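K.L.:
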Amino acid sequence: MPLNMVNRYNMKTINIGIIGYNFMGKAHSNAWLQASRFFNLNSTPVLKVACGRNEAAVTAFAQNWGWETIETDWRKVMDRDDIDVVDIALPQHLHYEVAIAAAKSGKHIFCEKPMCFTSAQAREMLIAAEENGIVHYLNHNYRRTPAVLLAKQMIDEGQLGRIFHWRGAYQQDWITDPEFPLTWHLQKETAFAGPQWDLNSHSVDLAHFLVGDIKTVTCLTAQFIAERPLPGAGAATFSAGANSSKEKGKVTVEDAALMMVQFENGAIGSFEATRFATGRKNYNTFEIYGSKGSLRFNLERMNELEFFSMEDPEDWRGFRTIIVTEDSHPYISHWWPPGHIIGYEHAFTHAVADFIQAVESGKPIYPNFGDGAKTMEVLEAGLESAKTGQRVSIKSES
Ligand SMILES: NC(=O)c1ccc[n+]([C@@H]2O[C@H](COP(=O)([O-])OP(=O)(O)OC[C@H]3O[C@@H](n4cnc5c(N)ncnc54)[C@H](O)[C@@H]3O)[C@@H](O)[C@H]2O)c1
36 MPLNMVNRYN MKTINIGIIG YNFMGKAHSN AWLQASRFFN LNSTPVLKVA CGRNEAAVTA
96 FAQNWGWETI ETDWRKVMDR DDIDVVDIAL PQHLHYEVAI AAAKSGKHIF CEKPMCFTSA
156 QAREMLIAAE ENGIVHYLNH NYRRTPAVLL AKQMIDEGQL GRIFHWRGAY QQDWITDPEF
216 PLTWHLQKET AFAGPQWDLN SHSVDLAHFL VGDIKTVTCL TAQFIAERPL PGAGAATFSA
276 GANSSKEKGK VTVEDAALMM VQFENGAIGS FEATRFATGR KNYNTFEIYG SKGSLRFNLE
336 RMNELEFFSM EDPEDWRGFR TIIVTEDSHP YISHWWPPGH IIGYEHAFTH AVADFIQAVE
396 SGKPIYPNFG DGAKTMEVLE AGLESAKTGQ RVSIKSES
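Under my numbering, the first residue of the sequence shown is numbered 36, with each subsequent residue one higher.
#1: Quick check on residue 234: does DSSP put it in helix, strand or coil?
#2: Contact between the segment 349 to 357 and the segment 190 to 201: three or more CB pairs below 8 Å?
#3: Can you tell which of 338, 422 and 403 has its C-alpha closest to the C-alpha of residue 382?
#4: Specify the secondary structure class of residue 126 as computed by DSSP and reduced to three states.
#5: Would you call the segment 105 to 121 and the segment 360 to 375 touching, i.e. three or more CB-CB distances under 8 Å?
#6: Looking at the structure shown, is residue 276 part of a helix, part of a strand, or coil, going by DSSP?
#7: Under 7 Å: does the beta carbon of residue 151 sit that close to some heavy atom of ligand 1?
#8: Could you give the distance in angstroms between the alpha-carbon of residue 146 and the alpha-carbon of residue 123?
#9: Taking its Cβ as the centre, do 16 or more other Cβ atoms sit within 10 Å of residue 261, making it buried, or is it exposed?
#10: Looking at the strands, I want to know which residues DSSP matches up with residue 143.
#11: Name the DSSP beta bridge partners of residue 293, please?
#12: Express the C-alpha separation of residue 120 and residue 92 in angstroms, rounding to a whole number.
#13: Tell me which same chain residues have a C-beta within less than 7 Å of the C-beta of residue 51, skipping the five on either side of it?
#14: Once DSSP output is grouped into helix, strand and coil, what is the label at residue 368?
#15: For ligand 1, I want to know if residue 74 counts as a neighbour, meaning its beta carbon is within less than 7 Å of at least one of the ligand's heavy atoms.
#16: According to DSSP, simplified to helix, strand and coil, what is residue 39?
#17: Does the beta-carbon of residue 240, which I'm using as the reference point, lie nearer than 7 Å to any heavy atom of ligand 1?
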């Protein structure tokens, strides 16, 4: 008997065009597919076009994920009248050009981080988005982890009191092997910088969200491996080792970055970003210490939030672990019963669901290009400080 496919198929549609089909291409495709199944949206996203340079590879991707059509030149996506949203899942050297073109074509933008190369580019992207009245979102997905949102709620309620310290560390180890090839992440032309851009962009976004604006930055960077084998055919993020060629090329970004910052509100903070922390895989952690209590988060245990309260009786005061999977916790009522944990991909679905609601309502979603411009200013100040050895003040124009 044919099922009565009401609701989802009778909903309004929002047509998506994704550019880039690898790691983020998959994470985003999954989120576009899941969002209207788990969230009560008035519109459903339609996977309309996937774009990549290699026709065979983008076709295979499109078939696997259910994208209706393909393009091999991203400019063609901008010219298509049937596309409402451009999803930028490309390396960051292309974000600026693609986002400006998308904004000028009146398409809403769902953009991967780091936003672009410079804060000047970021401000131009923001202006283009505002002038064309589109919804713009920058995918710092960790903001949409329930435990991070619970941390935000607790800070806003005053559970931590006055905040003294932010301690952020984003540590990975996937390029520790000197034979790991020179992928786009390790070249200035395509990545602009190393973990200062890739990882500290996430941490600075979280620090802005949870603690507040940053006013000065002091930074140290290091490069551990100066040359690497050129990538062979099929080299891909995190697993390219087997595909290296014998020829070598220069690594033109830093391998690790350490920042010390002063926040506008008097707190101080540190940020540690590296892809050389052996044993750490996606160890995105922060600790926040305040006059009344403290919080600790670790993405590798993303359903948990550690909390210490000075208001607990002295005898049994200590860090407790909150399992952030109750219906009352942010986003969780859309998923599973308590304790039936969620994972990395869920934050992408949360982002997509919020993004669709923003497109429906015309209201902004955060973080957006304005937040991204502020983050770029901090990261940029970090590189300047690492170069000059001086503390750098943020000259915010946003
Ligand atoms: N939010 C997150 O947690 C997260 C995680 C990983 C990566 N990222 C960001 O997402 C972006 C993409 O990273 P990734 O890991 O998916 O990279 P990737 O190397 O896995 O994929 C990049 C894709 O872009 C395509 N591409 C490159 N140049 C192109 C061009 N000129 N035209 C069309 N397609 C082109 C490649 O073919 C590939 O499909 C980066 O900016 C990265 O920093 C974000």
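Virtual Cβ for every residue (Gly too), placed ideally from N, Cα, C. Quick caveat: nothing in here was measured; it's all calculated off a predicted structure.
P.N.:
If we stick to the structure as given:
#1: Coil, per DSSP.
#2: Too few Cβ pairs lie closer than 8 Å, so no.
#3: For residue 382, the closest of 338, 422 and 403 by C-alpha to C-alpha distance is 338.
#4: In this structure, residue 126 counts as coil in the three-state DSSP scheme.
#5: Too few Cβ pairs lie closer than 8 Å, so no.
#6: Here the model assigns residue 276 a pLDDT of 49, short of 50, so the residue's position is not dependable, and the following value carries that caveat. It is helical.
#7: Outside the cutoff, so no.
#8: Near 5 Å, if we compare the C-alpha coordinates of residue 123 and residue 146.
#9: In this structure residue 261 is exposed. Its beta-carbon is surrounded by fewer than 16 other beta-carbon atoms within 10 angstroms.
#10: Answer by DSSP bridge pairing, in chain order: 120.
#11: The partner list for residue 293 (beta bridge, DSSP) reads 255 and 307.
#12: In this structure, the alpha-carbon of residue 92 lies about 22 Å from that of residue 120.
#13: A distance below 7 Å between beta-carbons, with the five flanking residues on each side excluded, links residue 51 to the following residues of its chain, in chain order: 67, 80, 81, 82, 83, 120 and 122.
#14: Here DSSP, grouped into helix, strand and coil, assigns residue 368 to helix.
#15: Every heavy atom of ligand 1 is 7 Å or more from the Cβ of residue 74, so no.
#16: The predicted position of residue 39 is uncertain, since its pLDDT is 46 and thus under 50; a value taken from the coordinates is nonetheless stated next. Residue 39 falls in the coil class under three-state DSSP.
#17: Residue 240: no, Cβ never under 7 Å from ligand 1.
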